[in-house]
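One structure is given here, and the rest of the page talks about it.
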Amino acid sequence: MSDSSLTDIEDEDVQNAQPAVLIQLPIEAGLDLPPQTHIPPSDFDICQAKLYEREVEYNYMRRQANNAQFASAIKYKASVVAASDNNAAPAWFNQSMRDLRRDMRRGFQRLRRRLDDTNRRLADTQRTSGKVYNSTNAKGGAVPFVQIPWEDGTYPWGFVHRNQPLPALTSVAVVEGLDGHQSRKIYHGYYPNNDVPENQEERVTAILVAIGCADRSRLVRPDHAE
Numbered sequence: 001m002s003d004s005s006l007t008d009i010e011d012e013d014v015q016n017a018q019p020a021v022l023i024q025l026p027i028e029a030g031l032d033l034p035p036q037t038h039i040p041p042s043d044f045d046i047c048q049a050k051l052y053e054r055e056v057e058y059n060y061m062r063r064q065a066n067n068a069q070f071a072s073a074i075k076y077k078a079s080v081v082a083a084s085d086n087n088a089a090p091a092w093f094n095q096s097m098r099d100l101r102r103d104m105r106r107g108f109q110r111l112r113r114r115l116d117d118t119n120r121r122l123a124d125t126q127r128t129s130g131k132v133y134n135s136t137n138a139k140g141g142a143v144p145f146v147q148i149p150w151e152d153g154t155y156p157w158g159f160v161h162r163n164q165p166l167p168a169l170t171s172v173a174v175v176e177g178l179d180g181h182q183s184r185k186i187y188h189g190y191y192p193n194n195d196v197p198e199n200q201e202e203r204v205t206a207i208l209v210a211i212g213c214a215d216r217s218r219l220v221r222p223d224h225a226e
C-alpha cells in the first residue's frame, strides 16, 4: 500500500467525519413551523415541507404572507428535497465505515512499518554480501562492483541529485572520477552520522571502503605504470 493510498483513505475519513448540518427552518409566516428534519430528511420530512409551502402559498395569494415568507417556504422545501437521498446510508452505517477505515489505516501503518523493517534487513544483508563480493574484484571495471545500498537502505545508482543521476560505482576509476557534489552526497549516504570531510581525497577513500574496496593501490595510475 503506497503512501498516497493511505492519504486518500485519511482524506475520505475526514470528509465522512464532517458533522451533519441541520436544515434551517423557514421564517415564521403565521403558521406552525414544520418539525426539524431527520438526517438525511425522510419521506415524512419532504411531505411536511411540501404541505408547509402550500399553506404559505395559500396565505400569500390571500395577501396574508409577504414575499420573504413565501420565498423562505419555497427555499426550505427545496433544501429538504435536495438533502434527502433514498440511497443514503443510515448514520450507524457511516459510523461503522469510519471505524472500519480507521482500523484499516492502522493496519496499513503496521504493515508499512514491517515492510520498512524487512527492507532495512534486506539492505543490511546485501550491503554485507556486496562488500565481500566487491573486495574480490580488484579495482572493478572488467568485473564491475555491485551496488551497495546506503545506510538507510536507499540504492544510490541513478539517485537524482542536483537534477543529475548519481553514477553507478562499478569501479575505483568511477569513484575517483566523482565531482565534489556527487562525492559529498554519496559519502553522506554511507556515513549519515558523520560530518562530510572537506577533502575530496578523504571522501573518495571512505566511499571505496563503504563499497568494499579499501585498497586503492590496486588502481594502476598512468604515472606509476611500468
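Counted from 1, the sequence shown has number 46 at position 46 by the working numbering; the numbering is strictly sequential. All residues carry an ideal CB built from backbone N, CA and C; glycine is no exception. These figures come from a predicted structure and were not determined experimentally.
Alpha carbon of residue i to alpha carbon of residue j, nearest angstrom
| i | j | result |
| --- | --- | --- |
| threonine 118 | threonine 205 | 30 Å |
| glycine 30 | serine 96 | 42 Å |
| glutamate 201 | glutamine 126 | 26 Å |
| leucine 172 | methionine 104 | Reading off the sequence, residue 172 comes out as valine, not leucine. Looking at the two C-alpha atoms, the distance is approximately 48 Å. |
| arginine 162 | isoleucine 23 | 55 Å |
| serine 72 | phenylalanine 44 | 19 Å |
| valine 209 | glutamine 164 | 24 Å |
| glutamate 53 | leucine 100 | 41 Å |
| proline 167 | leucine 178 | 8 Å |
| glutamate 151 | leucine 122 | 12 Å |
| asparagine 137 | valine 146 | 10 Å |
| arginine 112 | arginine 106 | 10 Å |
| serine 129 | tyrosine 155 | 15 Å |
| phenylalanine 108 | aspartate 124 | 24 Å |
| arginine 63 | aspartate 32 | 18 Å |
| serine 42 | serine 79 | 13 Å |
| arginine 110 | arginine 102 | 12 Å |
| arginine 114 | asparagine 134 | 30 Å |
| asparagine 199 | aspartate 116 | 34 Å |
| arginine 98 | alanine 83 | 21 Å |
Nonlocal neighbours in the same chain, by C-beta distance under 7 Å from residue i, ignoring five residues either side
| i | result |
| --- | --- |
| tryptophan 92 | none |
| lysine 131 | Ile148, Ile211 and Gly212 |
| valine 253 | Residue 253 lies beyond the range of the chain shown here (1 to 226); nothing can be said about it. |
| histidine 38 | Asp45 |
| glutamate 70 | The question names glutamate, but residue 70 in the sequence shown is phenylalanine. So the list reads Val56, Glu57 and Tyr60, once near-sequence residues are dropped. |
| isoleucine 74 | Glu53 |
Cβ pair residue i, residue j closer than 7 Å
| i | j | result |
| --- | --- | --- |
| isoleucine 207 | valine 160 | no |
| proline 197 | threonine 170 | no |
| proline 26 | tyrosine 76 | yes |
| proline 40 | aspartate 85 | yes |
| arginine 203 | tyrosine 187 | yes |
| arginine 120 | glycine 141 | no |
Close beta carbons around residue i, own chain, < 8 Å, minus the five adjacent residues each side
| i | result |
| --- | --- |
| lysine 50 | Lys77 |
| arginine 184 | Val196 and Arg203 |
| histidine 181 | His161 and Arg162 |
| glycine 158 | Pro165, Leu166 and Ala168 |
Residue i classed as buried or exposed, judged by whether at least 16 other C-beta atoms fall within 10 angstroms
| i | result |
| --- | --- |
| alanine 68 | exposed |
| asparagine 193 | exposed |
Own chain partners of residue i with C-beta closer than 6 Å, once the 5 adjacent residues on each side are dropped
| i | result |
| --- | --- |
| alanine 65 | Ala29, Val56 and Asn59 |
| glutamine 48 | Pro34 |
_Ranges of the alpha helix (DSSP H) found wholly within the region 40 to 78, counting only runs of at least 4_ = Restricting attention to alpha helix (DSSP H) runs no shorter than 4 residues, the region 40 to 78 encloses them at 43 to 61, ordered along the chain.
_Segments of 4+ residues assigned as alpha helix (DSSP H) that fall wholly inside the region 100 to 160_ = Complete alpha helix (DSSP H) runs here, min 4: none at all.
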